[in-house]
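Working notes, beginning with the structure itself.
Chains as they are written, first to last, in the working numbering: chain A, 67 to 387; chain B, 67 to 387.
Set out below in structure tokens:
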């Protein structure tokens with residue numbers, strides 16, 4: 067939630083001269099996204115979002131992200147649509163940063179999702195998976211199973227300061243995940259970060275999906291497992307099977323999950339919990355003492371992992387047999 | 067530049083039910099203002115700014131600020147106009163903070179003002195002073211001469227860490243200001259913080275004034291002196307008399323300054339430099355070591371003060387005799 071790079075009106079006016087969206091009337095730095103600097107632009111052509119990609123986003127990945135948003139928007143997925151400049155490109159540079167303009171999307175994110183919201187999210191996720199099927203580019207998921215052990219090793223020496231015994235528990239679970247991880251399930255484009263703050267609603271209707279900067283090519287059912295983690299736990303970290311059932315039903319209505327995908331749901335859910343536990347743990351340990359910004363609590367995902375370890379089969383998540 | 071308070075869509079929807087500006091479509095926390103949390107709202111009625119007043123703004127002063135904006139807007143000063151709720155009030159509460167909605171103003175602020183911009187600012191300032199003449203409320207300026215010695219005493223013990231000898235120089239200047247400060251010049255509503263980032267332009271035209279949260283009742287010519295400090299120095303801290311002449315001419319075209327006001331300009335300019343030197347010094351010394359946010363450089367105003375100490379009369383600022 068920050069604006070890392072200062073953009074002057076002169077810089078921006080010059081940048082916009084390369085686009086066909088009219089004259090700049092105002093722009094505001096907005097507190098959105100963790101990795102990049104975002105500005106809401108008002109031009110005589112309407113409202114847009116300008117994103118400056120900061121160091122944590124690899125410039126080589128930008129054509130994948132922008133190409134994907136354009137691909138999905140063409141297939142009626144309501145997501146920010148990159149605006150092409152006069153040269154036909156979607157990527158430019160401003161203030162020394164790679165930058166892109168995308169359409170502005172109305173909508174509000176839901177802090178306390180109901181089962182109905184979860185159903186809508188499941189359906190939207192399946193439609194995204196289907197719309198992404200013919201997207202020609204590939205991007206490996208650096209935060210899937212191959213990426214977890216290096217994160218663990220980064221955290222290891224100090225991880226127990228967060229919770230005694232945490233590192234041993236992670237190590238044991240990592241061993242198990244590496245043995246059991248399914249390698250031959252259907253793959254394709256996944257969003258990989260479809261948390262409530264990346265899904266917009268207007269009234270009861272899902273109105274849009276944002277933040278495709280973790281999107282990659284990976285196991286489709288793993289994306290479902292991420293959503294179960296992100297949407298179906300209560301604030302006390304208990305799993306709400308009614309929400310899980312709604313999410314899985316919403317998904318299944320648009321894309322049927324195969325038997326092997328259903329069977330793998332528990333191990334995929336453990337993996338998804340591990341992914342957020344590890345990245346949050348590394349972020350937590352990286353913050354200097356006394357810093358004003360508190361990173362997200364890694365133990366939220368430790369508790370979710372503990373739940374998944376107790377799960378017998380996909381039925382425990384609310385999957386109809 | 068921050069959003070201090072989190073506002074949920076539920077909170078905001080409930081808050082907006084008290085207004086007649088339609089349904090909420092989206093809102094974004096914006097990086098604007100130093101003291102408060104600001105959100106850009108999109109409703110079916112248009113675009114608005116929601117401000118949550120944080121602790122540094124005294125709640126008792128809010129009726130003055132909001133009343134003033136409404137008063138000025140009625141007199142064709144282009145400034146954010148408070149939106150009245152269904153009870154007829156402009157002040158509400160959200161997320162435990164006093165809050166108000168104002169109209170959204172297009173415009174861009176100018177990093178490197180030209181003499182033409184300075185002329186426009188001078189004219190706008192004079193028009194603001196005239197429009198404010200019949201505003202019935204009063205608010206003493208806590209950051210005028212009576213407020214400076216307490217600030218100095220707050221900084222004193224560590225001020226020399228910023229520049230050796232700084233505290234003695236400030237003390238000597240404070241003594242002189244307290245002896246020479248003019249007490250009987252015309253007073254009224256002043257903006258008191260009309261820096262470039264609070265003045266919007268569209269093309270070459272001044273399109274609006276924002277941030278009235280330092281506005282108060284004080285010497286009108288002191289507001290002119292603040293603008294000379296804020297607009298007429300070059301990045302190397304040299305005074306640009308062409309810009310000063312343009313600003314003073316722009317002001318004088320709308321409101322003629324009296325002889326005593328002109329004569330007082332050098333001491334008022336020293337006072338204005340002292341005010342920003344002291345508040346910046348206190349902010350600078352309050353920031354913990356290693357903080358990510360660097361406050362504004364207090365020595366910029368030390369250097370401006372040194373210039374004003376060398377000035378003989380208003381002619382040195384570009385005032386026509």
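Each residue gets a CB set at the ideal place from its N, CA and C atoms; glycine is no exception. Predicted model, so just to flag it, every value in this text is computed and none were measured.
Contact set between residue i and chain A, taken where Cβ atoms lie within less than 9 Å
i                     : result
residue 95 of chain B : 67, 96, 97 and 98
Cross-chain neighbours of residue i in chain A, by beta carbon under 7 Å
i                      : result
residue 160 of chain B : Here the premise fails: no neighbours, minimum Cβ distance about 15 Å.
Beta-carbon neighbours of residue i, restricted to chain B and to distances below 8 Å
i                      : result
residue 176 of chain A : 75
residue 374 of chain A : By Cβ distance, chain B contributes nothing, its closest Cβ being about 28 Å from residue 374 of chain A, past 8 Å.
Selection from the options that minimises the alpha carbon distance to residue i
i                      : options                       : result
residue 254 of chain B : B/265, B/289, B/221 and B/377 : B/289
residue 160 of chain A : A/72, A/213 and A/153         : A/72
residue 329 of chain B : B/226, B/382, B/163 and B/107 : B/382
residue 181 of chain A : A/308, A/263 and A/375        : A/308
residue 142 of chain A : A/302, A/197, A/368 and A/257 : A/197
residue 176 of chain B : A/189, A/91, A/122 and A/302  : A/91
residue 86 of chain A  : A/126, A/77 and A/152         : A/152
residue 82 of chain B  : B/102, B/213 and B/168        : B/168
residue 183 of chain A : A/311, A/224, A/112 and A/286 : A/311
residue 128 of chain B : B/352, B/165, B/258 and B/351 : B/165
residue 174 of chain B : B/318, B/375, B/272 and B/353 : B/272
residue 301 of chain B : B/327, B/366, B/135 and B/139 : B/366
residue 221 of chain A : A/94, A/113, A/350 and A/158  : A/350
residue 103 of chain B : A/95, A/104, A/102 and A/101  : A/95
residue 283 of chain B : B/124, B/101, B/74 and B/131  : B/131
residue 306 of chain B : B/125, B/384 and B/286        : B/384
residue 377 of chain B : B/346, B/324, B/304 and B/313 : B/304
residue 113 of chain A : A/97, A/89 and A/126          : A/89
Cβ of residue i within 9 Å of any chain A Cβ
i                      : result
residue 266 of chain B : yes
residue 91 of chain B  : yes
residue 113 of chain B : yes
Cutoff 9 Å: residue i Cβ touching any chain B Cβ
i                      : result
residue 173 of chain A : yes
residue 279 of chain A : no
Contacts of residue i in chain A (Cβ-Cβ under 8 Å)
i                      : result
residue 106 of chain B : 94, 96 and 106
Problem set entry | Continuous beta strand (DSSP E) assignments of at least 3 residues falling wholly in the region 119 to 171 of chain B | 158 to 160 and 163 to 169
Problem set entry | Sufficient close CB pairs (3 or more, under 8 Å) joining the region 333 to 341 of chain B to the region 238 to 249 of chain B | yes
For this session: For the region 279 to 294 of chain B and the region 225 to 235 of chain B, state whether three or more C-beta atom pairs, one from each stretch, are separated by less than 8 Å.
Result: no
Exercise. Are three or more beta carbon pairs between the region 114 to 121 of chain A and the region 264 to 273 of chain A nearer than 8 Å?
Worked result: no
For this session: Taking 8 Å as the threshold, find out whether the region 272 to 284 of chain B comes into contact with the region 145 to 154 of chain B through three or more Cβ pairs.
Result: yes
For this session: Inspect the CB distances between the region 215 to 228 of chain A and the region 339 to 355 of chain A and report whether three or more fall short of 8 Å.
Result: yes
For this session: Specify whether the region 297 to 308 of chain A and the region 202 to 211 of chain A touch according to this definition: at least 3 beta carbon pairs, one from each stretch, less than 8 Å apart.
Result: no
For this session: Return the chain-ordered ranges of every alpha helix (DSSP H) run that is complete within the region 273 to 297 of chain B and spans a minimum of 4 residues.
Result: 286 to 297
Exercise. Quick one: complete alpha helix (DSSP H) runs, 4+ long, within the region 336 to 376 of chain B?
Worked result: 365 to 375
For this session: Counting only runs of 4+ residues fully inside the region 172 to 245 of chain A, write out the alpha helix (DSSP H) ranges in chain order.
Result: 181 to 197 and 211 to 225
For this session: Please specify which runs of the beta strand (DSSP E), each continuous and at least 3 residues long, are wholly inside the region 293 to 328 of chain B, giving them in chain order.
Result: none
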